[in-house]
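These notes concern the structure reproduced below.
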Amino acid sequence: MNIRKRDGRVVDFDREKISTAIKKSYIGIMKPFEDSYIDKITDKIVEKVEDLYKDTIPTVEQIQDLVELELIEEKEIDVVKSYITYRAAHSKDRQVLRGFNEYLEDDTLVSIIRDVRNDYSRDLYPIESLFHKFSSFCKKDMSQDDSRVMLIRAASELTTKEAPDWEYIASRFYRYDLELKINENYKGIDTFYEKIKNLTEMNLYGKYILENYTKEDIDKLEKEIVPERDKLLTYSSIDLLAKRYLIRSHDMKVLERPQEMFMGIAMHLALPEGKNKVEWATRIYTVLSKLQVTVATPTMNNARKPFYQLSSCFIDTVSDTLEGIYRSIDNFAQVSKHGGGMGLYFGKVRASGSDIRGFKGVAGGVIRWLRLVNDTAVAVDQLGVRQGSCAVYLDAWHKDLPEFLQIRTNNGDDRMKAHDIFPAVSYPDLFFRLAKNNIDADWYMFDPHEIMVKKGYCLEDYYGDEFEKKYYECVHDANISKRVISVKDMVRLIIKSLTETGTPFAFFRDAVNKMNPNKHKGMIYSSNLCTEIMQNMSAIEAVSQEIETEEGDTVVVTKTKPGDFVVCNLASLVISNINLEDDEEVEYVVSTAVRGLDNVIDLNYYPLPYAKITNSKYRAIGLGTSGYHHALIKEGIAFSDEEEHLEFADRVYEKLNYYAVKASNEIAKEKGAYEYFKGSDWDNGNYFELRGYHGKEWEDLRASIHEHGMRNGYIMAVAPTGSTSIIAGTTAAVDPVMKRFFLEEKKGAIIPRVAPDLNTRTFWLYEQAHEIDQSLIIKATGVRGRHIDQGQSVNLYITSDFTMRQILNLYIRAMEEGLKSLYYVRSKSLEVDECEVCQA
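First residue of the sequence shown? That's 187 in the numbering used here, and the numbers climb one at a time after it.
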């Protein structure tokens, strides 16, 4: 049987369209129905059609009239009214579609609009609203390319907290526009292998891909690519990918599809797997393309390309020599040049007024060197995209601390300012215990050079009880000069800077070093730019200088002891996109991410040889999480539901850690343990004791680790993920959302942004960051921290109502809960820079 469409075309009769229309009429008035009852009505209508039109072809309108009559016979009067409304709405939609046809010549694009009409609720996503917005942007003689751009803009600007899925509708148009452009640039190239070959010839893909993968391998991997996963991308996701991550030609034309990008990254990260590389490339592609894992910005940018610097974070210990200081500044320049962020520990550098070669009071102190670091950050930008990013750490007992706390504030001498770097303070627990119990007590600050010369040790080389013993030993030594200020006045300086600039970042050195799994090999003095990387540190040293003769020429050779120059490779588990109740899925995703990160260590291009040496010794990785608040919402838990929230945090992060540690142990069985495993907390079991891991699963894993080792000396670290969480369509890192709904300006256009999965059910569950009790943020961070061997990039959110005492109490609470660091203090009236190089 056939039916005549309104445009005169004759097509096959489809009974399901009748059934669907009737169901929508019931749904429209929220009237329950049985599928069998709808089938019975549909059967009666089909019988009448067959009887009435056995010699002619019925029209769509005639069929619809029969539907109305049958519903009347069934005495479904309210459903009839709903069906009439349904018919009228569709008639109106047809008029709107004709309106689009006046501007759009592409039938495929119009069919996408038709699909939007069918796939989304007409009440929330009416296509006439899209048409009115779109037509308001259109100009006379606008090209079809520009018309598509206006359609994308129209859909994205319709996004509201009531109708958030316009972000996905805008993505449909964006993806189609992207596909047309890529097809135009790639005429005649039909296979993934041909494309990789072409990109390699253009020097946009690294030659190593084709050198390691055969055509047969790539053909297999092409079959694993799932284009439908593009549907997971919001407008903001696809826009960010297209503008920042997809490969472009030298004249800036996009040449790569999102799924091709994910597969290219996966192929690169699987290279060390030898004969199993196709299997591992498939696994890595799966978790990336399902948005269950995101890799750091440098990895997403550079994997598969000729230049493959894949790491985000670097940390250097600045030694107290002219040569050492300039070496560290040069190190920062090299890291920044290659797109990395830097943490510089200045705690060993002598204070202002210290002696130099026995001359008293001539040292300029730390601040003058920070001006050089600041100028380097401005001068050496990150691949021409943004200026360099550097956090500088100083100990709370360093004599230059009061001036250090003012390098970004608005008062004081501009010659002492360094507005483009981020100050951070390394606190012993003693400081905040005094702030709690005796805030009027004296706080003593020292010159680290003087202590080393006169006492024969460095205060920064101790923590906990040993530190306090050495600290008071220096306090009571009359031969040691001191700068004295009350704890209260020091707190005032700290909080003034926090409220004005969002900094200094906080590093709680006692908790960090107590939980350091590699304390047998050193100390951790500070963290990185985003406060989540915590690994053993030591300064680079020039051991000796020799003059040698080679073929009659005299050359100068400097031998350098590399120290521990920290580098970390980051990725994030998107926990909102993982079924956390399915242990098999969790293990699959976590073990795949750990494998990929471990391979980065061997694949990476290191901007400095010191970084490669340190990374080879510890094989450190930083597996973090994003989508924390989103995951809570999906569980039906509000951030402020303390008991449920903390139980969720403890359960989920123990599970994630267990599978991450297990994965590292499995790789160690296969490829060997990291160099410094023997004597570590992993080896002697102290890692498990400190965290209270005593269940059978943990005990079995502990025994396996003692026997076979760990592949990675450091495992977990939660980075900010500001950019990559946008790609994954989720919330950033472990932070609560700043706003459920906000407007973002992009090149003159206003782009509405909504919290993920925002709807009538989740709207009030989504508490905004400044509305949440900040002590709960600290408490949850402490609960998660038990399961994270490094740190978490965690912000605090304050309003103008916060007093100095309230802010101080948050830091005291952080110390008591065993936090290892705090990132920004974000005031409602303060906008601070976000670390983009560490987006994992």
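Beta carbons are placed, not taken as given, at the ideal position from N, Cα and C, and that holds for glycine.
Keep in mind the model is a prediction, meaning the values are calculated, not measured.
request  = Taking only the alpha-carbon atoms, compute the straight-line gap between T811 and A905 and give it to the nearest angstrom.
outcome  = 8 Å
message = Using a 10 Å radius around the Cβ and a threshold of 16 neighbouring Cβ atoms, would you call P413 buried or exposed?
response = exposed
request  = Would you mind reading off the limits of the beta strand (DSSP E) that contains L982?
outcome  = L982 to I984
ask   = Is R434 helix, strand or coil by DSSP?
value = strand
key: Residue from E465, D327, I853 and L477 whose Cα sits closest to the Cα of A445   = Checking the displayed sequence, the identity of residue 445 turns out to be Gln instead of Ala. Out of E465, D327, I853 and L477, L477 has the C-alpha closest to the C-alpha of Q445.
inquiry  = So, at 6 Å on beta carbons, what are the nonlocal neighbours of M638 in its own chain, with the 5 sequence-adjacent residues on each side left out?
reply    = C644
ask   = Opposite G810 in the DSSP bridges: which residues?
value = S758
task = Spell out the partners DSSP gives A577 in its beta bridges.
result = G529 and F608
Uninterrupted beta strand (DSSP E) stretches inside the region 948-988 (no shorter than 3 residues) = 982-984
inquiry  = Under 8 Å: do the region 660-674 and the region 827-837 share three or more Cβ pairs, one atom per stretch?
reply    = no
task = Please go through the same chain and pick out, in chain order, the residues whose beta-carbon is closer than 7 Å to the beta-carbon of L556, but skip the five residues on each side of it.
result = V578, I593, A604 and I607
task = May I ask which residues mark the beginning and end of the alpha helix (DSSP H) holding V302?
result = D293 to D305
key: Buried versus exposed, by CB contacts within 10 Å (16 or more), N623   = exposed
query = Which residue's Cα is closest to the Cα of V741: P748, Q731 and G749?
reply = Q731
task = Give the DSSP-derived three-state secondary structure of R1012 in the structure shown.
result = strand
inquiry  = Between N560 and E686, how many whole angstroms is the CB-CB distance? I'm expecting something under 8 Å.
reply    = Their Cβ separation, rounded to whole angstroms, is 17 Å, which puts N560 and E686 out of contact at 8 Å.
ask   = Roughly how many angstroms separate the alpha carbons of A1000 and K534, rounded to a whole number?
value = 26 Å
query = Taking the alpha-carbon positions, what's the L809 to S683 distance?
reply = 31 Å
request  = Less than 8 Å between the CB atoms is what I'm expecting for L419 and S329, so what's the real figure, rounded?
outcome  = The Cβ separation is near 25 Å, so there is no contact.
ask   = Which residues bound the alpha helix (DSSP H) around R284?
value = I263 to Y289
task = In angstroms with no decimal places, state the Cα-to-Cα distance between L1008 and T735.
result = 53 Å
key: Bounding residues of the alpha helix (DSSP H) (the contiguous stretch that carries W352)   = W352 to N371
message = Going by DSSP, what residue range makes up the alpha helix (DSSP H) through Y657?
response = G650 to V661
key: Segments of 4+ residues assigned as alpha helix (DSSP H) that fall wholly inside the region 876-915   = 882-894 and 910-913
message = For the region 748-758 against the region 471-489, do three or more pairs of beta-carbon atoms, one drawn from each stretch, fall closer than 8 Å, so that the two count as touching?
response = yes
key: Cross-strand partners of W629 (DSSP beta bridge)   = I671
task = Please work out which residues of its chain come closer than 6 Å, Cβ to Cβ, to R303, disregarding the five sequence neighbours upstream and downstream, and give them in chain order.
result = D279 and I313
task = List the whole-angstrom C-beta distance separating Q976 from A903, where the pair is believed to meet the contact cut-off of C-beta under 8 Å.
result = 4 Å
task = Kindly indicate which residue of V776, S505 and K319 has the alpha-carbon position closest to the one of S333.
result = K319
ask   = So, is S979 buried or exposed, given that buried needs 16 or more other C-beta atoms within 10 angstroms?
value = buried
query = Looking at the unbroken beta strand (DSSP E) that takes in N188, where does it start and where does it end?
reply = N188 to R190
request  = Return the bridge partner residues of M723 from the DSSP annotation.
outcome  = M709
request  = For V923, collect the residues of the same chain with a Cβ closer than 7 Å to its Cβ; drop the 5 residues on either side in sequence, then sort them by chain order.
outcome  = H815, T917, A941, Y952, Q954 and A955
ask   = Leaving out five residues before and five after R970 in sequence, what residues of the same chain have Cβ atoms less than 6 Å from its Cβ?
value = A835 and Y839
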